[in-house]
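Take the sequence shown: its position 120, counted from the start at 1, is 152 in our numbering, and no numbers get skipped.
Structure first, then comments.
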Amino acid sequence: NQNRRVFVGVDVAPGVARGTVLNAINALPIMTNLPTGVSNEPVGADEWQANLIDNFVTAVITGLLLVFSVLVLLYRRVVSPLVNMSSLALAPLGGFLALYITGVVVTGQPYPLSLPVFIGMLMLLGIVAKNSILLIDFAIEEMEAGANKLAAIMEAGHKRAQPIVMTTVAMTAGMVPTALSLSGDGAWRQPMGIVVIGGLVLSTFLTLLIVPAGFSLADGLEKKLGPWLRDRLL
C-alpha cells in the first residue's frame, strides 16, 4: 500500500500457539499506544488468515441457509427443518470438548483454534445434518403412511440407528490416523481428527435422543400453528 514496512520474525516455542504469542505482543504497552503514522496492520500470512476466518463464517451461514431451504422444499414444512438445523449445534459441542480434553492430557493446555479445526467443523456439520435428516425423513414417511406420531418416531429410531452408527464408526476409524499424528508434518492436521472424532461420537448419541424428542414437539406445534397461520395469512 505504498507504505514502508518493517518485519520482525521470531521462533515460537514448542507447545505455544501462534495466536497466544500474537495476543501477548499486541497487549504490550507500546503496541496499545503506537506513535502517529505507525500501524500494525496484518500483512502476508496474518492478512490471509483474517480473510480465511471471515470467509469461513460466510461459508457456514450460506451452507446452513441452503440446507434449510432444501429441507423446507422436500418436507413441505417449516418447523421440522428447524429441528434439523438445531441438531447442528451438537457437532461443535463434542468437537470442542474432545479438543480441550485431549489438549490438556497431551500438552497440558487446550489445543488452540486453527485452520484444521475449522475444516473439521465443516465436515461435522454435514455429517450431523445427514444423521438428523435420516431420522426425521423416515418418521414423516411413516406418519404419511398412517402411523401415529409416537410409533413413527420409534420406528425411525429403530430402523435408522444402524446406518447412523455405521457412518459414525467408519468416519471415526478413518480419522484415527490423523488424530494420532503427534509429530512431523501430520501433527498440524491432528486437531482436525480430534474434532471430527469427538463431535461424531457425542453428536451420534445426542442425535438419537434429542432429534426424535424435538421432532415430536415440533410436529405438535406445527399442527397447532398451521391452521392459525393459514387462516390469518393465506
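Backbone N, C-alpha and C define an ideal beta-carbon position, used for all residues, glycine too.
Helix, strand or coil at residue i [DSSP, three-state]
{"i": "Glu73", "result": "coil"}
{"i": "Leu212", "result": "coil"}
{"i": "Ala82", "result": "helix"}
{"i": "Ala45", "result": "coil"}
{"i": "Leu106", "result": "helix"}
{"i": "Tyr143", "result": "coil"}
{"i": "Ala177", "result": "coil"}
{"i": "Pro61", "result": "helix"}
{"i": "Phe150", "result": "helix"}
{"i": "Asn35", "result": "coil"}
{"i": "Ala56", "result": "helix"}
{"i": "Leu66", "result": "coil"}
Which listed residue (the options) has its alpha carbon closest to that of residue i
{"i": "Phe39", "options": "Asn180, Val104, Asn72, Thr236", "result": "Asn72"}
{"i": "Leu182", "options": "Ile242, Ser248, Thr210, Leu125", "result": "Ser248"}
{"i": "Gly76", "options": "Gly206, Gly41, Ala202", "result": "Gly41"}
{"i": "Thr30", "options": "Ile172, Ile185, Leu234", "result": "Lying before the first or after the last residue shown, residue 30 is absent from the chain, which here runs from 33 to 266."}
{"i": "Leu96", "options": "Glu173, Asn83, Pro113, Arg192", "result": "Pro113"}
{"i": "Gly252", "options": "Phe100, Val111, Ser101", "result": "Val111"}
Through-space distance from residue j to residue i, alpha-carbon basis
{"i": "Met175", "j": "Thr134", "result": "43 Å"}
{"i": "Pro61", "j": "Asn55", "result": "12 Å"}
{"i": "Pro223", "j": "Val136", "result": "13 Å"}
{"i": "Gly152", "j": "Asn58", "result": "29 Å"}
{"i": "Thr236", "j": "Ile196", "result": "7 Å"}
{"i": "Tyr107", "j": "Val208", "result": "36 Å"}
{"i": "Ala245", "j": "Gly158", "result": "21 Å"}
{"i": "Ser164", "j": "Gly189", "result": "10 Å"}
{"i": "Gly225", "j": "Gly69", "result": "44 Å"}
{"i": "Phe88", "j": "Val115", "result": "23 Å"}
{"i": "Gly230", "j": "Asn65", "result": "42 Å"}
{"i": "Pro124", "j": "Ala205", "result": "19 Å"}
{"i": "Leu131", "j": "Val48", "result": "15 Å"}
{"i": "Val160", "j": "Ala45", "result": "37 Å"}
{"i": "Leu232", "j": "Met155", "result": "10 Å"}
7 Å Cβ shell around residue i - same chain, five flanking residues per side excluded
{"i": "Arg109", "result": "Glu254"}
{"i": "Leu238", "result": "Leu122"}
Residues near residue i by beta carbon distance below 6 Å, same chain, minus five either side
{"i": "Gly140", "result": "none"}
{"i": "Leu84", "result": "none"}
Close beta carbons around residue i, own chain, < 8 Å, minus the five adjacent residues each side
{"i": "Thr52", "result": "Pro144"}
{"i": "Ala179", "result": "Glu187"}
{"i": "Leu240", "result": "Leu167, Gly189, Ala193, Ile196"}
Min CB distance residue i to chain B below 9 Å
{"i": "Thr239", "result": "Judged by its chain identifiers, the structure shown contains no chain B, having just a single protein chain."}
heavy atom of the ligand NAP below 8 Å from residue i C-beta
{"i": "Val160", "result": "By its list of ligands, the structure shown contains no ligand whatsoever, and the ligand NAP lies outside what it can speak to."}
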